[in-house]
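Down below is the structure, laid out as structure tokens.
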Amino acid sequence: MQPKFSIITVCYQAEDCIKKTLLSVIEQTYPEIEHIIVDGASTDHTLEIVNALSTHAKVLSEPDNGIYDAMNKGLSMATGDYVWFLNAGDIFDSEYTVQRVAECCMEYGSMSEQWPDVLYGDTRIVDDQDRDMGLRRLRPPKRLTWKSFKNGMLVCHQAFVAKREIAPPYDLSYRFSADFDWCIRILKKSRLVVDTDQDLANYLNMGTTKRNHKASLMERFRIMRKYYGLFTTLFRHFTFIFIRTR
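For what it's worth, the UniProt record's numbering labels the leading residue of the sequence shown as 1, then goes sequentially.
Structural data, given as structure tokens:
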């Protein structure tokens, strides 16, 4: 039996970058994939591109209350064994990426009689001109647990593949960092977490405003305090600031 992957793509007004994401999914060599596209009622050419290229995808286009609301809609539509988010502008590392993750999944399944709860890998950053900006500064550890995230989001959301049965809805009380909270909650429920030791995705770095960056950091502080306590969170933040300013 082969695992089925639900690849969820959230988009809005993405006519400039959605095509490469759709093609990246279409070109995967692995057959057991369902592609779910959740569009926030775009008024540009996004849907035209989606309908022309992704003829077998599940497509929903309607207004939403932000990216995490749209991602929750994608989760509710998923039927695969695993969920994997690849949003507009992001692409898989190669056409063999899902195949390799599936092989890793089945290899561990044959040894432990259960598929991993989470599989993860590394991520490359690209800019809006598709220029490679290198690997993320925060690197995934060889052994990942929920406690690992006290050091920050060590695994990019696009390189975090979770069993659908343990993937909860995103907490919509967070506007910028619900993915951070989501990954921690999943890891707390996970028994088998596997490092694929591969680059899984190229993440489109669109940049962020100073205001949104500050709000995101404040949310992450709240999340870390919730799971790791105030003292540990303060210590980690002061250590991070000290290292950055040396």
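Glycine residues also receive a C-beta, built at the ideal position from the N, C-alpha and C atoms.
Computed from a predicted model, the values in this text were never measured in an experiment.
Cβ-Cβ separation, residue j to residue i (assumed contact under 8 Å), whole Å
i, j, result
"T145", "R136", "Not a contact, Cβ separation roughly 19 Å."
"E15", "I49", "6 Å"
"V98", "F5", "6 Å"
"D81", "R185", "Not confirmed; about 19 Å, so no contact."
"P169", "L234", "Rounded, the Cβ-Cβ distance is 30 Å, inconsistent with contact."
"V193", "Y108", "Between Y108 and V193 the Cβ distance is about 10 Å, and since that is not below 8 Å, they are no contact."
Residues near residue i in its chain [Cβ-Cβ closer than 7 Å; skip 5 each side]
i, result
"Y12", "D39, G40, S42"
"D127", "M133, N205"
"T21", "T9, L86, A88, G89, D90, I91"
"A167", "L75, V83, I186"
"C104", "L119, V194, T196"
Contacts around residue i, its chain only, beta-carbon distance under 6 Å, and the 5 residues preceding and following it disregarded
i, result
"D179", "H157"
"F231", "none"
"T216", "The sequence given here places Ser at residue 216; Thr does not occur at that position. F176, S177."
Limits of the unbroken alpha helix (DSSP H) element including residue i
i, result
"R100", "97-112"
"Y68", "67-77"
"R185", "178-189"
"I18", "18-26"
Residue from the options whose Cα sits closest to the Cα of residue i
i, options, result
"L114", "F221, R191, I18, D199", "What sits at residue 114 in the sequence shown is Gln, not Leu. Cα-wise, what sits closest to Q114 is R191."
"K19", "K214, L53, M1", "L53"
"Q28", "D44, M71, I7, L47", "I7"
"D171", "R220, D81, D197, M106", "R220"
"A201", "P3, V25, M1", "V25"
"Q2", "M71, A102, G152, P140", "A102"
"A78", "L187, G229, A162, Y174", "A162"
"K147", "L119, P116, S112, C183", "C183"
"D44", "A57, H56, I125, S61", "S61"
Secondary structure of residue i, DSSP reduced to three states
i, result
"L86", "coil"
"I243", "Residue placement at I243 is poorly supported in this model, since its pLDDT is 44, which falls under 50; the coordinates still yield a value, given next. The answer is helix: DSSP assigns I243 an H, G or I state."
"Y227", "helix"
"T46", "helix"
"L138", "coil"
"residue 260", "Since the first residue shown for the chain is 1 and the last is 246, residue 260 is missing from the structure and cannot be characterised."
"S216", "helix"
Beta strand (DSSP E) segment containing residue i, residue limits
i, result
"A162", "160-163"
"N202", "193-204"
"V38", "33-39"
"L60", "58-61"
"R124", "118-126"
"residue 306", "Here the chain covers residues 1 to 246 and nothing more, so residue 306 does not appear."
Contacting residues, own chain, Cβ-Cβ under 8 Å from residue i (five flanking each side not counted)
i, result
"N65", "L172"
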